[in-house]
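Colleague:
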Amino acid sequence: MTPHHHPPSSRAARRLALAPLAMLAGALLLALALALPGPARAADAEGRLNALVGELQRLIDKAERERLADPWFLKDLRQVVAAHTNPWPRVLLDDGFTDGNYDRRPAWRVLSGEWAAGWNGGLRSRFTPPRAASPSRQTPDDPTAAIVGTLLGQMLAQQQGGGSGAAQAAGPADRAAIETRLALPNSFALDLELTAAPDRAATRLALGPFQGERADTGYRLVLSSAGGGGSVELLRLSARGSSVIDGVDGLVPLADGEVHRVRWERRPDATMRVLIDGREVLATRDRGFRDPFDGLVLENHGGDVTIGRVVVNGPA
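To convert, note that position 1 of the sequence shown is 21 in the numbering used here; the numbers rise steadily by one, no gaps.
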């Protein structure tokens, strides 16, 4: 009897269609594992990885159009690709202050307080917040109240300043602030190397993108260390006032004299996450701002801090 050859079932056909996707996904993960940091092969590894990612995305699109795979599987596969690709390949700002100045390439402008760029690199600011002249309901141990109060005061006045080496500008006495003008997309990745000297008092650094001529509208990432603990908060500043988006405390304090690496990501879907020394400490979402930003501001609200390097990346 002549054997009959039955056509493959729909499930088997799907498995066959998924084979190239599975193999390419494996190749992608292998490329990620081999793409270790190293100046000799960094560019080549990134090029090969981008090519693999592009091919995988085309196959996913084809599988979706021709219904060759389960939609949930394709969704998961897209998420894997997105998690292992860099949505911010374009460098917008990279300053280690190694030239001993901050007033050119790129130009920073002192708004208040004292800032100094050393010849060995880094931008240093030392600031002691003034004592309150009268009792207040807000306690000095409340970092949110302190930062929000400072930022609201910033909306009232901005003073000009600038220079190289060391400079001090007259301005609001509740912080030391410096800004740089920068065409910053709404989606970005900001990397910061931070060293804060150990201090019994609270150390607070706020930074973030702003919109408009004055650095009083935008986001602020607030890094605080006090009483042997650390905290991170995300604030939103607008014409309607200031509000806390999200925050976390109970972290290891950053004011220990060591170099810490802070990374702040904002994706096109308005999700944001903050990593400290490679560990995610905060993840949230906010759609309060949809337009691009006009600059980046650093604010020392208390302590002896040194910015070793600041890098901002944006979409291609």
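Note that beta-carbon positions come from the ideal geometry of N, C-alpha and C, so glycine has one too.
1. Please go through the region 241-292 and give each complete beta strand (DSSP E) segment of 3 or more residues, from N-terminal end onward.
2. Can you list, in chain order, the residues of its chain whose CB lies under 7 Å from that of LEU4, leaving out five sequence neighbours each side?
3. When we look at the beta-carbon of PRO288 and count the other beta-carbons within 10 Å, is it buried (16 or more) or exposed?
4. Runs of 3 residues minimum, wholly inside the region 208-234: which ones carry the beta strand (DSSP E) assignment?
5. Apart from the five residues just before and just after GLY228, which ones in its own chain have a Cβ nearer than 6 Å to its Cβ?
6. Distance check for PHE117 and LEU316, CA to CA, integer angstroms please.
7. Decide yes or no for the touch test of the region 271-289 against the region 211-224: beta carbon pairs closer than 8 Å, at least 3 of them.
8. Strictly by DSSP, which residues pair up with ASP115?
9. Would you kindly check if the distance between the Cβ of TRP128 and the Cβ of ILE198 is under 8 Å?
10. Could you compute how far the alpha carbon of LEU225 sits from the alpha carbon of GLU213?
11. If ALA196 sits next to PHE230, beta carbons under 8 Å apart, how far is it from one beta carbon to the other, in whole angstroms?
12. For TRP284 versus VAL268, is the C-beta spacing smaller than 8 Å?
13. Using alpha carbons as the reference points, say which of ASN140, ASP236 and GLY250 lies closest to SER263.
14. Out of curiosity, what's the CA-to-CA distance linking ARG15 and LEU94?
15. Between GLY298 and VAL101, what straight-line distance do the alpha-carbon atoms span, to the nearest angstrom?
16. Taking 8 Å as the limit between beta carbons, can you name the residues of its chain near LEU172, skipping five residues before and five after?
17. Opposite ASN320 in the DSSP bridges: which residues?
18. Counting along the chain, where does the beta strand (DSSP E) carrying LEU88 start and finish?
19. Would you call the CB atoms of ARG281 and ASP211 closer than 8 Å?
20. Return yes when the C-beta of ARG144 is under 7 Å from any heavy atom of the ligand SAH, and no when it is not.
21. Would you grab the beta carbon distance between VAL325 and SER145 for me? Rounded to a whole angstrom, and I think it's under 8 Å.
22. So what's PRO160 in DSSP terms, helix, strand or just coil?
23. Using the DSSP secondary-structure output, state which residues sit across from PHE313 in a beta bridge.
24. Using a threshold of 8 Å, state whether the C-beta atoms of GLY249 and LEU271 are closer than that.
25. With the cut-off set at 8 Å, would you say GLY232 and ASP314 are in Cβ contact?
26. Would GLY328 and VAL279 be called neighbours here (beta carbons separated by less than 8 Å)?
27. Looking at the secondary structure, which residues open and close the beta strand (DSSP E) in which ALA137 lies?
28. From the DSSP output, in three-state form, read off ALA83 for me.
Modeller: From the atom records:
1. 249-258, 261-271 and 279-286
2. Here the chain has residues from 21 to 336 only, and residue 4 is not among them.
3. exposed
4. 208-216 and 223-230
5. GLY238, TYR239, ARG240 and LEU241
6. 16 Å
7. yes
8. VAL330
9. yes
10. 12 Å
11. No, ALA196 and PHE230 are not in contact; Cβ-Cβ is about 16 Å, not under 8 Å.
12. no
13. ASP236
14. The chain is shown only over 21 to 336; residue 15 falls outside these bounds and no answer can be derived.
15. 20 Å
16. Annotation note: pLDDT 48 at LEU172 (below 50); position unreliable, coordinate value reported separately. Once the five neighbours on either side are set aside, the close Cβ partners of LEU172 are GLY261 and SER262.
17. ALA196 and LEU225
18. That residue, LEU88, is in no beta strand (DSSP E); it is neither H nor E in DSSP.
19. yes
20. Questions concerning the ligand SAH fall outside what the structure shown contains, since it holds no ligand whatsoever.
21. 6 Å
22. Only weak support exists for where PRO160 lies, its pLDDT of 44 falling under 50; the value from the coordinates is given anyway. PRO160: coil per DSSP, three-state reduction.
23. LEU204
24. yes
25. yes
26. yes
27. 128-137
28. helix
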